[in-house]
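Number 20 in full-length UniProt numbering belongs to position 20 of the sequence shown; there are no gaps in the numbering. Everything on this sheet refers to the single structure shown next.
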Amino acid sequence: MSELTLHNLTINKKSRKNPKRLGRGNASGHGTYSTRGQKGQKARSGGSKGLRRWALVQQLRSKPKIGGFRSLRPKSATVNVSQLESNFAAGEIVNAKKLIEKNLIKSAKTGIKILGEGRLTKKLTVFADSFSKSAESAIIKAGGKAQKTR
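This is the structure:
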């Protein structure tokens, strides 16, 4: 047996089959309709792509099930009372500028809301756009003031 090189390679004719050449006339052996059958959407050009007329139920089934709702209104920056306790001294004024300086919020564009999680023992004057009921009562109970800016 001789060595196998590029010049003595042979192709098995049975393994290489020419593709069907459709739409080349009656003499091609595929007949008048070129294996597309008679009439109907699939017989037309572009009919197999996606031109189906779907009913509403089929359209709903094809959509992914994504529930919920995403509000277009931006969320306000939140600060807990416990964060005020650990970052500010007694008698200090807390406003947007100081909260940004202490890295408690990134920006005050969307507003600031003070939440009542944690304990507050220091007397603080807090300026914010909104307060939760528990936060407002905690600030007043500690002897401070909760004032709305908007």
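Where a beta carbon is used, it is the ideal one built from N, C-alpha and C, also for glycine.
Three CB pairs or more closer than 8 angstroms across the segment 90-101 and the segment 37-46: Between the segment 90-101 and the segment 37-46, the count of C-beta pairs closer than 8 angstroms stays below three; the two stretches do not touch.
Rounded C-alpha distance that separates I66 from S28: Taking the sequence shown and counting its residues from 1, one reaches residue 66 at position 66. Taking the sequence shown and counting its residues from 1, one reaches residue 28 at position 28. S28 has its alpha-carbon roughly 51 angstroms from the corresponding atom of I66.
Cut-off 7 angstroms between Cβ atoms - residues of its own chain near L6, not counting five sequence neighbours on either side: For the purposes of this step, residue 6 is identified with residue 6 of the sequence shown, where counting begins at 1. Once the five neighbours on either side are set aside, L6 has no close Cβ partner at all.
Cβ pair V79, L115 closer than 8 angstroms: Here residue 79 is taken as the residue at index 79 of the sequence shown, counted from 1. Here residue 115 is taken as the residue at index 115 of the sequence shown, counted from 1. Result yes, Cβ atoms of V79 and L115 sit closer than 8 angstroms.
I11 (DSSP reduced to helix, strand or coil): Here residue 11 is taken as the residue at index 11 of the sequence shown, counted from 1. I11 falls in the coil class under three-state DSSP.
Nearest residue (CA-CA) to L84, options N103, R70, F69 and P19: Counted from its first residue, the sequence shown places residue 84 at position 84. Selected option, being the one with the closest Cα: N103.
Reduced DSSP secondary structure (H/G/I, E/B, other) of N26: Residue numbering aside, residue 26 sits at position 26 when the sequence shown is read from its first letter. In this structure, N26 counts as helix in the three-state DSSP scheme.
Contacting residues, own chain, Cβ-Cβ under 6 angstroms from R150 (five flanking each side not counted): Translated into the one-based positions of the sequence shown, residue 150 becomes position 150. Answer for R150: D129, listed in chain order.
Presumed contact (8 angstroms Cβ cut-off) between I112 and A96, rounded CB distance: Taking the sequence shown and counting its residues from 1, the one referred to as residue 112 is at position 112. Taking the sequence shown and counting its residues from 1, the one referred to as residue 96 is at position 96. Indeed, because the Cβ distance is near 6 angstroms, the residues count as touching under 8 angstroms.
L120 versus A135: straight-line alpha-carbon distance, rounded: As a first step, residue 120 is located in the sequence shown; it is residue number 120 there, counting from the start. As a first step, residue 135 is located in the sequence shown; it is residue number 135 there, counting from the start. Rounded to whole angstroms, L120 and A135 show a C-alpha spacing of 9 angstroms.
Check: S132 C-beta below 7 angstroms from any heavy atom of the ligand MG: In the structure shown, the ligand MG is absent, as is every other ligand, since no ligand is present at all.
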